[in-house]
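Asker: Line by line, the protein sequences give chains C and E. Residue numbering for the first sequence follows my numbering, starting at 145 and increasing by one per position. Residue numbering for the second sequence follows my numbering, starting at 145 and increasing by one per position. Built from N, CA and C at the ideal position, the CB exists for glycine as well. Quick caveat, the model's predicted, so the values are computed rather than measured.
Protein chains: 2
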Amino acid sequence: MKTYKFPPQGDWIKILQRPQVPQADLDGLVKSFFDDIQNQGQQALSTYINRFQGFKGTQFLVTEDELKSAETEISDELKSAINQAYQNIHLFHASQSEKVQKIETMPGVICWRKSVGIEKVGLYIPGGTAPLFSTVLMLGIPAKLAGCKEVVLCSPCDSSGKIHPAILYAAQLVGVEKIYKVGGIQAIAALTLGTTEIPAVYKIFGPGNQYVTAAKQYAQKFKVAIDMPAGPSEVMVVADESAVPAFVAADLLSQAEHGVDSQVVLVTNSEDFIQKVELELSKQLAVLPRQSIASEALENALILLVEAVDFEKVINVYAPEHLIIATENVSELAEKVVNAGSVFIGNYTPESAGDYASGTNHTLPTDGYARQYSGVSLDSFVRKITFQQISEEGIQNLGSTVELMAEAEQLFAHKNAVTLRLKSLEK
Amino acid sequence: MKTYKFPPQGDWIKILQRPQVPQADLDGLVKSFFDDIQNQGQQALSTYINRFQGFKGTQFLVTEDELKSAETEISDELKSAINQAYQNIHLFHASQSEKVQKIETMPGVICWRKSVGIEKVGLYIPGGTAPLFSTVLMLGIPAKLAGCKEVVLCSPCDSSGKIHPAILYAAQLVGVEKIYKVGGIQAIAALTLGTTEIPAVYKIFGPGNQYVTAAKQYAQKFKVAIDMPAGPSEVMVVADESAVPAFVAADLLSQAEHGVDSQVVLVTNSEDFIQKVELELSKQLAVLPRQSIASEALENALILLVEAVDFEKVINVYAPEHLIIATENVSELAEKVVNAGSVFIGNYTPESAGDYASGTNHTLPTDGYARQYSGVSLDSFVRKITFQQISEEGIQNLGSTVELMAEAEQLFAHKNAVTLRLKSLEK
Chain C
145 MKTYKFPPQG DWIKILQRPQ VPQADLDGLV KSFFDDIQNQ GQQALSTYIN
195 RFQGFKGTQF LVTEDELKSA ETEISDELKS AINQAYQNIH LFHASQSEKV
245 QKIETMPGVI CWRKSVGIEK VGLYIPGGTA PLFSTVLMLG IPAKLAGCKE
295 VVLCSPCDSS GKIHPAILYA AQLVGVEKIY KVGGIQAIAA LTLGTTEIPA
345 VYKIFGPGNQ YVTAAKQYAQ KFKVAIDMPA GPSEVMVVAD ESAVPAFVAA
395 DLLSQAEHGV DSQVVLVTNS EDFIQKVELE LSKQLAVLPR QSIASEALEN
445 ALILLVEAVD FEKVINVYAP EHLIIATENV SELAEKVVNA GSVFIGNYTP
495 ESAGDYASGT NHTLPTDGYA RQYSGVSLDS FVRKITFQQI SEEGIQNLGS
545 TVELMAEAEQ LFAHKNAVTL RLKSLEK
Chain E
145 MKTYKFPPQG DWIKILQRPQ VPQADLDGLV KSFFDDIQNQ GQQALSTYIN
195 RFQGFKGTQF LVTEDELKSA ETEISDELKS AINQAYQNIH LFHASQSEKV
245 QKIETMPGVI CWRKSVGIEK VGLYIPGGTA PLFSTVLMLG IPAKLAGCKE
295 VVLCSPCDSS GKIHPAILYA AQLVGVEKIY KVGGIQAIAA LTLGTTEIPA
345 VYKIFGPGNQ YVTAAKQYAQ KFKVAIDMPA GPSEVMVVAD ESAVPAFVAA
395 DLLSQAEHGV DSQVVLVTNS EDFIQKVELE LSKQLAVLPR QSIASEALEN
445 ALILLVEAVD FEKVINVYAP EHLIIATENV SELAEKVVNA GSVFIGNYTP
495 ESAGDYASGT NHTLPTDGYA RQYSGVSLDS FVRKITFQQI SEEGIQNLGS
545 TVELMAEAEQ LFAHKNAVTL RLKSLEK
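1. For CYS292/C, write down the residues that DSSP places opposite it in a beta bridge.
2. DSSP on ARG257/E, reduced to helix/strand/coil?
3. Just curious, the alpha helix (DSSP H) that ILE447/E is in, first and last residue?
4. Can you find a CB in chain E that lies within less than 9 Å of the CB of GLN428/C?
5. GLY519/E versus chain C: which residues are under 7 Å apart at the beta carbon?
6. Helix, strand or coil for VAL482/C per DSSP?
7. Strictly under 9 Å for the Cβ-Cβ distance: is ILE323/C near chain E by that measure?
8. Taking the C-alpha atoms as reference points, what is the distance between MET549/E and GLN540/E?
9. Mind checking GLU215/E: buried by the 16 CB within 10 Å criterion, or exposed?
10. Look at the Cβ atom of THR530/C, then the Cβ atom of SER486/E, and state whether they are nearer than 9 Å.
11. Return helix, strand or coil for LEU555/C, following the three-state DSSP convention.
12. How is VAL206/C classed by DSSP in three states: helix, strand or coil?
13. Chain E beta carbons: is any one of them nearer than 9 Å to that of MET380/C?
14. Any beta carbon of chain E sitting closer than 9 Å to that of VAL174/C?
15. Please name the residue, chosen from ASN353/C, TYR492/C, GLN316/C and ALA358/C, that lies closest to LEU170/C on a Cα-to-Cα basis.
16. For MET250/E, collect the residues of the same chain with a Cβ closer than 8 Å to its Cβ; drop the 5 residues on either side in sequence, then sort them by chain order.
17. Look at VAL458/E and LEU160/E and say whether their C-beta atoms are less than 9 Å apart.
18. State the beta-bridge partners of PHE531/C as determined by DSSP.
19. Identify every residue that forms a DSSP beta bridge with GLU378/E.
20. Once DSSP output is grouped into helix, strand and coil, what is the label at GLY266/E?
21. Using the Cβ count rule (16 or more neighbours within 10 Å means buried), how would you classify LYS325/C?
22. Is GLU495/C close to chain E, meaning its C-beta is less than 9 Å from at least one C-beta of that chain?
23. Do we get a CB-CB distance below 9 Å when we pair THR249/C with the residues of chain E?
24. Quick one: what does DSSP say THR249/C is sitting in, helix, strand or coil?
25. What residues of chain E sit near ASP499/C, judged by a beta carbon separation below 7 Å?
26. For LEU397/E, go through chain C and note every residue whose CB falls closer than 8 Å to its CB, in chain order.
27. How about LYS236/C and THR493/C: are their beta carbons less than 9 Å apart?
28. Can you confirm whether MET549/C, when its beta carbon is compared against all beta carbons of chain E, has any partner nearer than 9 Å?
29. Counting only beta-carbon atoms, is CYS298/E nearer than 9 Å to chain D?
30. Comparing C-alpha positions only, which one of SER426/C, MET372/C and ALA374/C sits nearest to ALA392/C?
31. Under DSSP, the alpha helix (DSSP H) around LEU467/C begins and ends at which residues?
32. Contact check, ILE447/E vs VAL382/E under 8 Å by CB: the rounded distance?
33. Measure the Cβ-Cβ separation of GLY201/C and SER190/C and say whether it is below 9 Å.
34. Could you tell me whether the region 399 to 418 of chain E touches the region 374 to 388 of chain E, where touching means 3 or more Cβ pairs closer than 8 Å?
35. Among ALA394/C, LEU564/C and TRP256/C, which has the Cα closest to the Cα of LYS420/C?
36. Under the rule that 16 or more other beta-carbon atoms within 10 Å means buried, what is ILE157/C, buried or exposed?
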């Protein structure tokens, strides 16, 4: 860990800079997958799945039977937990829906906007040792709430053609009907271009490794939208002596265990507190299953000792994906947050609550993108289409304004479209 | 114009395909501007402005005096029109603000989200013969309503250092304080990288030619966000015999006069109506100042004769930026719109009303992107940050859910962050 004690404010930006991750240039590789799937469709897809997932099938849709048996393969406790998380996430995301509000900007000029679900969306769920079924909830719930007609989920199967049952259970619960056993670049290419089996979609969501991330970037060349740019996950914990060192250490480790490139930052105003947290970190780390990952991530962790009055500035310079605030004046400080993805307030609000089940979304902007991007929400799955309806009275009220402005912009057909209507009403 | 009469539904996608605009590869050119401004800052900027705008100055901020004199240079009528448009746009965009709503997902688990303005945004306003002061309103009003702290506007000056007074008037009215006389690639590079004079921003908005569009794409490599992908403007008019041929022709021409690559589509169920519109088109075109542009655009225009029952499907296949509906059952058809940027309902709602002053935004998704993107709105200028605050009771209610899910995802530090808290409450 690197510790900086009361560094001058001019150095903060430099100190808080995230490490430049050397980007492997995967464009050539990704292009070859896309080209093959564009030219040879389902056949190329089978070849890639055989090669990279070790599965020799040629059809990838998860069947009814597979779904039913998945349900029997996970414990009742886990099912209850997933159901509870579903309820909380559903409740919070449902509250984000916007009612149509008709605004009469002038008499006879009525404007409104209506949220309409994106017709076709793709959800990518990574496989591997840790099955991210929580992400199925985080993406699937808002997709269904938004009214997306076609929700397609891709997740890699193992060589026997199996997807982790918790992923299948969560997908069923959410109401996703089309689940394909496809992962990696080939999944993103299939969702972008479509094959005889897998429908092409308009927007792709979900986390993934560097290959999936590169593929999502590349997909945009085909006019597919993606949820947001992706980078390593990160947490900033801002704590003073009112915080509990063991809790803070546990929160820092939660982030550190994600991966060796996880960004972990502690900001505090107490040297004594730093020592207590460090002690707790070594204690907790010693018994952690993912110890080697977490300890490597911690090597790059940052501890920043500043005056409490500067907490606000440090937060907003860094723009953390996850921000935990455990200080005396939590609410006051939370009010001052300008740049962050999701904020966890108080001693009993660990990041893991939001990662799984409090109700907020866990797909959040990393790498400083919290300055300009929001996390995934119901908004991410809709377009807000604007409508306007102008009456005869309305065009008489608004007409001359439009005529004058159109003329000043030298767009006379624009003007004429109003003039003709006004003339037709002269009598 | 190309007319298709009752083509089979299987052909619609092909017929409605937008022409592939050959994309000049401007990446190398754009990169050289960015490199120079990154390495030599303000000095490189001056060189580019001298070379491409013919202006020999070295400072580009519009002064108080210039703003004052701009106000005297435009007519009182135009000022009133701009003021009226301001009011309508302000009213409609203000209605888009979201109130903080605290949701208790479980007893003691409270989640909410708060809209916070992006701290620094850049607005690009093209110069040239038609000064797009209306775009100043469309971008500046939501930026200020969102509470963006730094709103920077760039627009090219002429060789004498002058920006069109209507642009300056609109910028003042909106409350934009920093206006720079910079256009083209150099403007986007300066907004991305910053110079001694021009602050770097987090998100760039606004229309532009192919150079500006390429520069905005390139800016994203520097972690700057942009409003949306840009393409030629487009309108689809859906009309039956209840529509007025002269109005429809005027609306088609409004789009056609924008540029030779404008996309103009008429969808109707009446051959007789097509003839009447064509007659009106030639009459109106004959007296149009931008006749040559409009007639070139009309050559690529599309007329589609289909059954009225198919209007809905044609609209949603095409996903028009602007959709005008002038049919008997306007409201019913408008309800069925799934893919469109902005919808204009009825005989007295020309597109030009929304382009200038009805209240809706005119920065809209083109090129079929209405399938996955919304137009610019207040949302485009904020991040919706999520917050959660969990009480001792709350973590006791939620804790086991999180523990079970974290364990199933094999993230034991995530679990431990909850377990430690639960244990501390055991007594």
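Answerer: Based on what the coordinates show:
1. In DSSP, CYS292/C forms no bridge with anything.
2. strand
3. Careful: ILE447/E lies outside any alpha helix (DSSP H), inside the beta strand (DSSP E) at 446 to 449.
4. yes
5. THR530
6. coil
7. no
8. 15 Å
9. exposed
10. yes
11. coil
12. coil
13. no
14. no
15. ALA358/C
16. GLY538, ASN541 and LEU542
17. yes
18. TRP256/C and VAL487/E
19. GLN407/E
20. strand
21. buried
22. yes
23. yes
24. strand
25. HIS558
26. ALA557, ASN560 and ALA561
27. Just to set this straight, residue 236/C is Phe in the shown sequence, not Lys. It is not a contact, given that the beta carbons lie outside the stated cut-off.
28. yes
29. Considering every chain present, this structure includes no chain D. Its protein chains are C and E.
30. For the record, residue 392/C in the displayed sequence is Val; it is not Ala. VAL392/C has its Cα closest to that of SER426/C, out of SER426/C, MET372/C and ALA374/C.
31. Counting along the chain, LEU467/C falls outside any alpha helix (DSSP H), though it belongs to the beta strand (DSSP E) covering 466 to 470.
32. That belief does not hold up - the Cβ atoms of ILE447/E and VAL382/E are roughly 12 Å apart, past 8 Å.
33. yes
34. yes
35. ALA394/C
36. exposed
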